[in-house]
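As given, the protein sequences belong to chains F and G, one line each in that order.
The first sequence begins at 1 in full-length UniProt numbering and counts up by one.
The second sequence begins at 1 in full-length UniProt numbering and counts up by one.
Below: the structure, in structure tokens.
There are 2 protein chains.
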Amino acid sequence: MTTGEIDESFGGVTPDAARRLLLGAVQAFAQRGFHATTTRDIAGRAGMSPAALYIHYKTKEELLFHISRVGHERSVAVLEEAVEGAADSAERLAHAVRAFVRWHAEHHTTARVVQYELAALGEEHHAQIVVLRRRSEEILRQVLEDGVRAGEFDIPDIRGTALAVMSLCIDVARWFSPQGRRTPDEIGELYADLALRMAGHRAAGVTSSSG
Amino acid sequence: MTTGEIDESFGGVTPDAARRLLLGAVQAFAQRGFHATTTRDIAGRAGMSPAALYIHYKTKEELLFHISRVGHERSVAVLEEAVEGAADSAERLAHAVRAFVRWHAEHHTTARVVQYELAALGEEHHAQIVVLRRRSEEILRQVLEDGVRAGEFDIPDIRGTALAVMSLCIDVARWFSPQGRRTPDEIGELYADLALRMAGHRAAGVTSSSG
DNA sequence: CTGTGCGCTGAGCGGCTGCTTAGCCATCCA
DNA sequence: TGGATGGCTAAGCAGCCGCTCAGCGCACAG
Numbered sequence: 001m002t003t004g005e006i007d008e009s010f011g012g013v014t015p016d017a018a019r020r021l022l023l024g025a026v027q028a029f030a031q032r033g034f035h036a037t038t039t040r041d042i043a044g045r046a047g048m049s050p051a052a053l054y055i056h057y058k059t060k061e062e063l064l065f066h067i068s069r070v071g072h073e074r075s076v077a078v079l080e081e082a083v084e085g086a087a088d089s090a091e092r093l094a095h096a097v098r099a100f101v102r103w104h105a106e107h108h109t110t111a112r113v114v115q116y117e118l119a120a121l122g123e124e125h126h127a128q129i130v131v132l133r134r135r136s137e138e139i140l141r142q143v144l145e146d147g148v149r150a151g152e153f154d155i156p157d158i159r160g161t162a163l164a165v166m167s168l169c170i171d172v173a174r175w176f177s178p179q180g181r182r183t184p185d186e187i188g189e190l191y192a193d194l195a196l197r198m199a200g201h202r203a204a205g206v207t208s209s210s211g
Numbered sequence: 001m002t003t004g005e006i007d008e009s010f011g012g013v014t015p016d017a018a019r020r021l022l023l024g025a026v027q028a029f030a031q032r033g034f035h036a037t038t039t040r041d042i043a044g045r046a047g048m049s050p051a052a053l054y055i056h057y058k059t060k061e062e063l064l065f066h067i068s069r070v071g072h073e074r075s076v077a078v079l080e081e082a083v084e085g086a087a088d089s090a091e092r093l094a095h096a097v098r099a100f101v102r103w104h105a106e107h108h109t110t111a112r113v114v115q116y117e118l119a120a121l122g123e124e125h126h127a128q129i130v131v132l133r134r135r136s137e138e139i140l141r142q143v144l145e146d147g148v149r150a151g152e153f154d155i156p157d158i159r160g161t162a163l164a165v166m167s168l169c170i171d172v173a174r175w176f177s178p179q180g181r182r183t184p185d186e187i188g189e190l191y192a193d194l195a196l197r198m199a200g201h202r203a204a205g206v207t208s209s210s211g
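This is the structure:
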């Protein structure tokens with residue numbers, strides 16, 4: 001079972017029925033995809049009749065948009081908090097990757113909807129989400145740029161490397177399973193080290209300095 | 001348009017109608033997902049009536065299985081060919097990542113079906129595909145293990161790093177677009193360098209020794 | 001010229017789709 | 001006590017789903 005955990009990202013949603021529908025939709029969308037999920041399935045998971053869905057959300061797509069928006073806002077906030085108050089760029093990068101990876105592992109059900117159901121959004125909603133996504137890319141690129149300028153990193157292609165680090169973190173949502181051999185914390189730790197290596201950080205996790 | 005290119009992976013499929021159905025299904029599955037794709041859509045893309053599909057394939061799921069099997073076999077073959085005849089582990093890793101990434105970029109439509117529609121396979125078909133996927137993981141892990149043993153790489157967590165490199169390559173299928181600013185070759189080159197850095201290869205793409 | 005088989009189609013089956021509507025019932029304010 | 005309000009449901013609409021089947025036209029063997 002990959003949907004055993006509940007997602008506190010939507011804890012503040014009221015009324016209670018609207019939140020239950022949101023949680024049901026997250027699980028259903030993650031399991032089957034947006035287009036293949038029926039409103040009857042979502043309503044059933046929330047313990048309600050299909051018609052009740054339309055009291056709280058105008059359409060099925062609006063439900064996806066709410067999930068996508070809250071999910072993106074949450075993951076961007078996680079990134080922003082992570083890079084605050086770090087001593088240097090290396091620490092900022094490590095914190096950012098650790099936090100971003102942990103979010104994608106711990107909330108892999110939500111993260112799957114966030115990362116893989118973008119194409120199902122309506123045109124206008126999609127545009128709003130893209131703005132949020134650009135923000136997280138910029139945060140990461142800024143960390144790498146600062147690190148290069150400070151002489152901490154050695155990166156020939158900053159934009160490409162930022163995209164690759166981002167991509168590495170995002171893909172955690174695809175393969176992570178709570179039944180797997182690693183915890184979100186362990187993966188975050190490993191990936192922070194790998195990101196420092198990708199950034200050409202001199203001391204990055206090298207187990208021996210010269211052999 | 002993300003489905004402009006045709007995929008030569010299925011060039012050998014006969015008869016012609018079966019191949020056209022396969023190509024139509026690849027495009028439809030990649031765009032909308034398996035569950036949301038209708039047999040009428042697939043048949044329409046192949047220029048045939050819905051009923052014709054069932055002359056060549058027993059069910060819609062069998063069509064997905066064919067795509068998934070051929071796609072996995074092809075990507076594993078690409079990996080195997082890449083690691084052959086390289087001088088050392090660093091070259092083997094670079095070749096492997098370059099080839100695997102290029103395949104996922106050039107055949108991103110097929111690759112999306114291969115990587116993101118596994119859950120739609122029937123139980124037995126899924127089991128067959130998992131065998132193929134394990135093979136590609138093993139190839140990459142072996143390259144890293146050999147490199148560590150030879151003193152070329154410095155990797156604290158070989159299994160985790162192999163998974164991460166794999167994950168990095170696979171995610172290319174999610175974000176790659178022919179309209180983007182990078183060609184499959186350029187991405188392959190960048191990612192080969194990043195993989196060497198992740199493996200702790202001493203000379204990996206460091207642009208200057210001190211600044 | 002007939003007969004056989006193959007690739008294919010039009011029509012259609014039972015069932016499910018997103019969404020709407022009419023109306024029920026508990027709650028709350030006057 | 002009465003009437004309005006809001007959350008909810010049963011029933012249902014028009015249309016689409018995967019898949020089947022009878023039958024058509026064409027290539028080819030005799």
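Heads up, the beta-carbon is just placed ideally off N, CA and C, and yes, glycines get one too.
Check	Outcome
Inter-residue Cα distance where the pair is Lys58 of chain G and Val114 of chain G	20 angstroms
Rounded C-alpha distance that separates residue 225 of chain G from Ser89 of chain G	In this structure chain G extends from 1 to 211, so residue 225 of chain G is not present and cannot be described.
Which of helix, strand or coil DSSP assigns to Tyr57 of chain F	coil
Interface partners of His35 of chain F on chain G, CB under 7 angstroms	Arg32, Gly33, His35, Ala36
Residues of the stretch 168-184 of chain F with Cβ closer than 8 angstroms to any Cβ of chain G, in chain order	Leu168, Ile170, Asp171, Val172, Arg174, Trp175, Arg182
Residue of F:Tyr116, F:Met198, F:Glu117 minimising C-alpha distance to Glu156 of chain F	At residue 156 of chain F the sequence reads Pro, which differs from the Glu that was named. Of the candidates F:Tyr116, F:Met198, F:Glu117, the one whose C-alpha sits nearest the C-alpha of Pro156 of chain F is F:Met198.
Touching by the beta-carbon criterion (3+ pairs, under 8 angstroms), the stretch 180-187 of chain G and the stretch 118-126 of chain G	no
Run of the alpha helix (DSSP H) containing Val130 of chain F, from where it starts to where it stops	123-149
Same chain only: Cβ atoms within 6 angstroms of His108 of chain G, ignoring 5 sequence neighbours per side	Ala173, Phe176
Rounded separation between Leu93 of chain F and Ala164 of chain G - CA only	17 angstroms
Three-state class that DSSP yields for His107 of chain G in the structure shown	coil
8 angstroms Cβ cutoff, Gly200 of chain F in contact with chain G	yes
Below-8 angstroms beta-carbon distance, Thr110 of chain G vs any chain F residue	no
Exposed unless 16 or more other CB atoms sit within 10 angstroms - verdict on Gly71 of chain F	buried
Contact set between Arg197 of chain G and chain F, taken where Cβ atoms lie within less than 9 angstroms	Leu194, Arg197, Met198, Ala199, Gly200, Ala204
Under 8 angstroms from the C-beta of Leu79 of chain F: neighbouring residues of chain G	Per Cβ cutoff of 8 angstroms: no residues; Leu79 of chain F is ~18 angstroms from chain G at best.
Residue-level contact to chain F via CB, Gly160 of chain G, 8 angstroms cutoff	yes
Residues of its chain near Thr3 of chain G, where Cβ-Cβ distance is below 6 angstroms and the 5 sequence neighbours each way are ignored	At Thr3 of chain G the pLDDT is 40, less than 50, meaning the model places this residue with poor confidence; the figure from the coordinates comes in the next sentence. Gln27, Thr109, listed in sequence order.
Proximal residues, the stretch 116-137 of chain G versus chain F, C-beta separation under 8 angstroms	Tyr116, Ala119
First through last residue of the alpha helix (DSSP H) which encompasses Gln31 of chain G	16-32
Backbone secondary structure at Gln179 of chain F - three-state DSSP	coil
Below-8 angstroms beta-carbon distance, Asp88 of chain G vs any chain F residue	no
Limits of the alpha helix (DSSP H) - the one that Ser49 of chain G falls within	First-last for Ser49 of chain G: undefined, no H or E at that position.
Extent of the continuous alpha helix (DSSP H) to which Arg159 of chain G belongs	158-170
Interfacial residues, the stretch 142-161 of chain F to chain G, with Cβ spacing under 9 angstroms	Gly151, Asp154, Ile155, Pro156, Asp157, Arg159, Gly160, Thr161
Beta carbon of His104 of chain G nearer than 8 angstroms to that of Ala96 of chain G	no
Best match in F:Leu140, F:Arg134, F:Thr38 for proximity to Glu84 of chain F [C-alpha to C-alpha]	F:Leu140
Proximity test, Cβ basis, 8 angstroms: Tyr57 of chain G and chain F	no
Check whether Gly200 of chain F and Phe153 of chain F have beta carbons under 8 angstroms apart	yes
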